[in-house]
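See structure below.
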Amino acid sequence: MGLKSIIVPQDKIFFELFEEQASVVCTAAELLVDIFADYTNIEEKYRKMKEIEHQGDAIAHRAYDELNRTFITPFEPEEISRLVTALDDVIDYIDDGARMLLIYEVKKTDQFMIEFAKCIRQAADEIKTGISGLRTLKDTETIKGCCIEINRLENVADEILSNAIRNLFKSNDPVDIIKLKDIYEHLEIATDKCEDVSDVFSAILIRHT
Amino acid sequence: MGLKSIIVPQDKIFFELFEEQASVVCTAAELLVDIFADYTNIEEKYRKMKEIEHQGDAIAHRAYDELNRTFITPFEPEEISRLVTALDDVIDYIDDGARMLLIYEVKKTDQFMIEFAKCIRQAADEIKTGISGLRTLKDTETIKGCCIEINRLENVADEILSNAIRNLFKSNDPVDIIKLKDIYEHLEIATDKCEDVSDVFSAILIRHT
Amino acid sequence: MGLKSIIVPQDKIFFELFEEQASVVCTAAELLVDIFADYTNIEEKYRKMKEIEHQGDAIAHRAYDELNRTFITPFEPEEISRLVTALDDVIDYIDDGARMLLIYEVKKTDQFMIEFAKCIRQAADEIKTGISGLRTLKDTETIKGCCIEINRLENVADEILSNAIRNLFKSNDPVDIIKLKDIYEHLEIATDKCEDVSDVFSAILIRHT
Numbered sequence: 001m002g003l004k005s006i007i008v009p010q011d012k013i014f015f016e017l018f019e020e021q022a023s024v025v026c027t028a029a030e031l032l033v034d035i036f037a038d039y040t041n042i043e044e045k046y047r048k049m050k051e052i053e054h055q056g057d058a059i060a061h062r063a064y065d066e067l068n069r070t071f072i073t074p075f076e077p078e079e080i081s082r083l084v085t086a087l088d089d090v091i092d093y094i095d096d097g098a099r100m101l102l103i104y105e106v107k108k109t110d111q112f113m114i115e116f117a118k119c120i121r122q123a124a125d126e127i128k129t130g131i132s133g134l135r136t137l138k139d140t141e142t143i144k145g146c147c148i149e150i151n152r153l154e155n156v157a158d159e160i161l162s163n164a165i166r167n168l169f170k171s172n173d174p175v176d177i178i179k180l181k182d183i184y185e186h187l188e189i190a191t192d193k194c195e196d197v198s199d200v201f202s203a204i205l206i207r208h209t
Numbered sequence: 001m002g003l004k005s006i007i008v009p010q011d012k013i014f015f016e017l018f019e020e021q022a023s024v025v026c027t028a029a030e031l032l033v034d035i036f037a038d039y040t041n042i043e044e045k046y047r048k049m050k051e052i053e054h055q056g057d058a059i060a061h062r063a064y065d066e067l068n069r070t071f072i073t074p075f076e077p078e079e080i081s082r083l084v085t086a087l088d089d090v091i092d093y094i095d096d097g098a099r100m101l102l103i104y105e106v107k108k109t110d111q112f113m114i115e116f117a118k119c120i121r122q123a124a125d126e127i128k129t130g131i132s133g134l135r136t137l138k139d140t141e142t143i144k145g146c147c148i149e150i151n152r153l154e155n156v157a158d159e160i161l162s163n164a165i166r167n168l169f170k171s172n173d174p175v176d177i178i179k180l181k182d183i184y185e186h187l188e189i190a191t192d193k194c195e196d197v198s199d200v201f202s203a204i205l206i207r208h209t
Numbered sequence: 001m002g003l004k005s006i007i008v009p010q011d012k013i014f015f016e017l018f019e020e021q022a023s024v025v026c027t028a029a030e031l032l033v034d035i036f037a038d039y040t041n042i043e044e045k046y047r048k049m050k051e052i053e054h055q056g057d058a059i060a061h062r063a064y065d066e067l068n069r070t071f072i073t074p075f076e077p078e079e080i081s082r083l084v085t086a087l088d089d090v091i092d093y094i095d096d097g098a099r100m101l102l103i104y105e106v107k108k109t110d111q112f113m114i115e116f117a118k119c120i121r122q123a124a125d126e127i128k129t130g131i132s133g134l135r136t137l138k139d140t141e142t143i144k145g146c147c148i149e150i151n152r153l154e155n156v157a158d159e160i161l162s163n164a165i166r167n168l169f170k171s172n173d174p175v176d177i178i179k180l181k182d183i184y185e186h187l188e189i190a191t192d193k194c195e196d197v198s199d200v201f202s203a204i205l206i207r208h209t
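Protein chains in written order, with the UniProt record's numbering: chain A, 1 to 209; chain B, 1 to 209; chain C, 1 to 209.
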């Protein structure tokens, strides 16, 4: 990190860290789709997820450290801190969604879970695109487009949740209802957290363009 | 909107949008009381709720757009953004409270739900009064009074929740418990979101009076 | 309060209020350990908890009032407000954790609850140490150490929650599952709220050192 600080202009470091975090979000989302769509070797896949989550944590900590050390930041420190936290939250909720399968000893995944995961992966891609745009802030339309798309995907996730819950209560096994309802709700919150990221994008656009 | 921008001084637009949002909060709260107190024609009443919620969304988007376009704002952009979000959250939780009746195929409402709805309606009225006061910030005592009352109502909702939950577990049908607990908790969160609005009122009073 | 304002320099008042709030957090956490570890005289112990919670509320309100009246504040008003709110949230979640035992008519506590409570008590001690350091901001390493420790304890609480939930589903009584899951999750959120306090510590360190 010390070397990096010499080579890379200070305020560029943040963009690198945001981009690294966004990559981790995408990798985690990709793995989540794989876990739900191909529910085999779960212990091993979850170990991989945990590694990804730790990578995300490490990047977030480096970003907070940089904020502590750096005077020149590309955006307000509060905005940087909000963005790092929001990206970290997305990763945490993806990880939670996968971990709950193990904790609840879920025997098989279902179509709703797969739809949620695909929705989260799409939002992750939009996050990655939006983050790339922050560097120059020249192409504000693209960033705005990402925000609109992430918002749309959050609405899609709401719809999936409604359908999943409605379907769930056709079962009459209360223990199953408790477990699956919790998993569905966690997956829906992952898309809320993506929307938190897009809210920071919007705030940055308001202040800096 | 283009025309409006010419006629209305820029920073007045925000007060108009806040007032429109507060009206939507009141209309939604009124309908919620009606739904719980007279549980008939639910599909139709819920369609009306969904329309109201969309109106709220449209106003919120206009407010965010204005924030993007406008240099002169009556309060800090962050305060405006927090207020718009908080008002939108109140509407969303009212809408959720009603939608869950449909998703869970609830056969009849109960006294606790009606009490929650009345509590939310009272808080909505206080929000409307508080919003009107923001224009001039002359009558700070009235706005402070709204904050105190909204806080009181949030405590009342806590009490309703405790009673409702205590009563609920007298039943021994776990599926019913899951459904009704979720509805009660959502209604209680609606009053938390009203408190978020009053927290923004307090923050604005701290900074601008 | 009027007298105090004369004797104590204005911006010192906030440190006194933070320290009073931190003491209340510690007292509440101590009582929570006692309630879980020695589950007797619950009604009486809960009355005590309610008193403690009201003390916390009163201090929070005094802090907000001071913010309204005072021009010279040691940190940004937003930081003070966030800190007061975060401390108040910790107290509220501790209180909730205890109250749920009564509402759910829980017959006996368990090892997981005791572990949660001890974890919360440790985090409360770190909060107290961190708050003391805010006065001079000379010993930033100690405050950073508190943040790291509170974060670690939040991870410990996550682990306790996973174990508690996994164990819980060995039971097949859905009503019990609903009750205990809710209690465990509330206790875990108490440690999240401790982390919110440490996030404010970090933000203050970033801006003021």
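Ideal placement from N, C-alpha and C gives every residue a C-beta, glycine not left out.
> Looking at the unbroken alpha helix (DSSP H) that takes in asparagine 172/C, where does it start and where does it end?
Replying inline: Position 172 of the third sequence holds residue 172/C. Segment: none, asparagine 172/C is in no alpha helix (DSSP H) and carries neither H nor E.
> When the Cα atoms are used, what is the spatial distance from serine 202/A to lysine 193/B?
Replying inline: Position 202 of the first sequence, counted from the first residue, corresponds to residue 202/A. Position 193 of the second sequence, counted from the first residue, corresponds to residue 193/B. One C-alpha to the other measures close to 22 Å.
> In this structure, does DSSP put asparagine 41/B in helix, strand or coil?
Replying inline: Here residue 41/B refers to the residue found at position 41 when the second sequence is read from its first residue. Note: asparagine 41/B maps to coil in three-state DSSP.
> Nearest to alanine 86/B by CA position, among Asp196/B, Asn151/B, His208/B and Arg207/B, is which residue?
Replying inline: On the second sequence, residue 86/B is found 86 positions in, with the first residue counted as 1. If we check each option's Cα against that of alanine 86/B, Asp196/B comes out closest.
>> Taking 7 Å as the limit between beta carbons, can you name the residues of its chain near arginine 82/C, skipping five residues before and five after?
In response: Locating residue 82/C in the third sequence gives position 82, counting from the first residue. Here the set comprises Val200.
> Which residues in the same chain have their Cβ closer than 8 Å to the Cβ of isoleucine 55/C, if we skip the five residues on either side of it in sequence?
Replying inline: For the purposes of this step, residue 55/C is taken as the residue at position 55 of the third sequence. The question names isoleucine, but residue 55/C is glutamine in the sequence shown. Hits under 8 Å: Val24.
> Anyone know if the C-beta pair for alanine 28/A and alanine 164/A falls short of 9 Å?
Replying inline: Numbered from 1 along the first sequence, position 28 holds the residue referred to as residue 28/A. Numbered from 1 along the first sequence, position 164 holds the residue referred to as residue 164/A. Taking 9 Å as the Cβ cut-off, alanine 28/A and alanine 164/A do not qualify as a contacting pair.
>> So glutamine 21/A and alanine 60/A are supposed to be a Cβ contact under 8 Å. How far apart are they, rounded?
In response: Locating residue 21/A in the first sequence gives position 21, where the first residue counts as 1. Locating residue 60/A in the first sequence gives position 60, where the first residue counts as 1. About 7 Å separates the two Cβ atoms, so the contact holds.
>> Looking at chain A, is there any beta carbon in it that lies within less than 9 Å of the beta carbon of serine 202/C?
In response: Taking the third sequence and counting its residues from 1, one reaches residue 202/C at position 202. It does; some Cβ of chain A falls within 9 Å.
> Looking only at its own chain, which residues have a Cβ that is under 7 Å from the Cβ of leucine 31/B, when we skip the five neighbours before and after it?
Replying inline: Counted from its first residue, the second sequence places residue 31/B at position 31. Around leucine 31/B: Lys45, Lys48, Met49 and Ile52.
> Whole beta strand (DSSP E) runs in the stretch 25-80 of chain C with 3 or more residues, listed along the chain?
Replying inline: none
> glutamate 76/A to isoleucine 13/C, Cα distance in whole Å?
Replying inline: Taking the first sequence and counting its residues from 1, one reaches residue 76/A at position 76. Taking the third sequence and counting its residues from 1, one reaches residue 13/C at position 13. Approximately 29 Å between the Cα atoms of the pair.
>> Below 8 Å on the Cβ atoms is my contact criterion, and I expect serine 198/A with isoleucine 131/A to pass it. Report the Cβ-Cβ distance as a whole number of Å.
In response: Position 198 of the first sequence, counted from the first residue, corresponds to residue 198/A. Position 131 of the first sequence, counted from the first residue, corresponds to residue 131/A. Actually they are not in contact, since the Cβ atoms of serine 198/A and isoleucine 131/A sit about 11 Å apart, beyond 8 Å.
> For leucine 168/B, is the classification buried or exposed, using 16 other Cβ atoms within 10 angstroms of its Cβ as the cut-off for buried?
Replying inline: Against the second sequence, residue 168/B aligns to sequence position 168. Buried, since its Cβ has 16 or more Cβ neighbours within 10 Å.
> For the putative contact between arginine 121/B and valine 33/B, defined by C-beta atoms under 8 Å, what is the C-beta separation to the nearest angstrom?
Replying inline: Reading the second sequence from its first residue, position 121 is the one you call residue 121/B. Reading the second sequence from its first residue, position 33 is the one you call residue 33/B. At roughly 5 Å, the Cβ-Cβ gap stays under 8 Å, so arginine 121/B and valine 33/B are in contact.
> Applying a beta-carbon distance threshold of less than 8 Å, which residues of chain A neighbour asparagine 172/C?
Replying inline: Position 172 of the third sequence, counting from 1, holds the residue named residue 172/C. Val175, listed in chain order.
> So what does DSSP say about aspartate 192/B, is it helix, strand or coil?
Replying inline: Looking up residue 192/B in the second sequence gives position 192. Looking at aspartate 192/B - three-state DSSP - the assignment turns out to be helix.
>> The alpha helix (DSSP H) that contains threonine 129/B, what's its start and end?
In response: The residue given as residue 129/B occupies position 129 in the second sequence. Segment 111-134, the alpha helix (DSSP H) holding threonine 129/B.
> What's the C-alpha gap between isoleucine 189/B and glutamate 188/A?
Replying inline: As a position in the second sequence, residue 189/B is number 189, starting the count at 1. As a position in the first sequence, residue 188/A is number 188, starting the count at 1. The straight-line gap from Cα to Cα measures roughly 17 Å.
> In three-state terms, what does DSSP make of valine 106/B?
Replying inline: Residue mapping note: residue 106/B aligns to position 106 of the second sequence, counting from 1. Here valine 106/B sits in coil by DSSP.
> So, does the CB of serine 198/B fall closer than 9 Å to a CB anywhere in chain C?
Replying inline: The residue given as residue 198/B occupies position 198 in the second sequence. By this cut-off, serine 198/B is not an interface position.
> Thinking C-alpha only, which one of Leu161/B, Ile127/B and Thr109/B is nearest isoleucine 35/B?
Replying inline: Position 35 of the second sequence holds residue 35/B. Nearest option by C-alpha distance: Thr109/B.
> Hey, does proline 77/B have any beta-carbon neighbour from chain A nearer than 9 Å?
Replying inline: On the second sequence, residue 77/B is found 77 positions in, with the first residue counted as 1. Yes - at least one Cβ of chain A is within 9 Å of the one on proline 77/B.
> What's the call for lysine 107/B, buried or exposed, on a 16-neighbour Cβ count within 10 Å?
Replying inline: Taking the second sequence and counting its residues from 1, one reaches residue 107/B at position 107. The residue in question, lysine 107/B, is exposed, as its Cβ has fewer than 16 Cβ neighbours within 10 Å.
>> Please report the distance separating the alpha-carbon of alanine 182/C from that of threonine 140/A.
In response: Reading the third sequence from its first residue, position 182 is the one you call residue 182/C. Reading the first sequence from its first residue, position 140 is the one you call residue 140/A. A small fix is needed here, since residue 182/C is aspartate in this sequence, not alanine. When rounded, the distance between both Cα atoms is 44 Å.
>> Any beta carbon from chain A within less than 9 Å of isoleucine 160/C's own beta carbon?
In response: Taking the first residue of the third sequence as position 1, residue 160/C is located at position 160. Closer than 9 Å: no.
> Is the shortest distance between the beta-carbon of isoleucine 114/A and the beta-carbons of chain B less than 9 Å?
Replying inline: Stepping through the first sequence from its first residue, residue 114/A is reached at position 114. No, its Cβ sits nowhere closer than 9 Å to a Cβ of chain B.
> Taking Cβ positions only, does threonine 85/A come closer than 9 Å to chain C?
Replying inline: As a first step, residue 85/A must be located in the first sequence, where it is residue number 85. Interface residue, yes.
>> Distance check for leucine 137/A and threonine 209/A, CA to CA, integer angstroms please.
In response: As a position in the first sequence, residue 209/A is number 209, starting the count at 1. As a position in the first sequence, residue 137/A is number 137, starting the count at 1. The alpha-carbon atoms of threonine 209/A and leucine 137/A are separated by roughly 7 Å.
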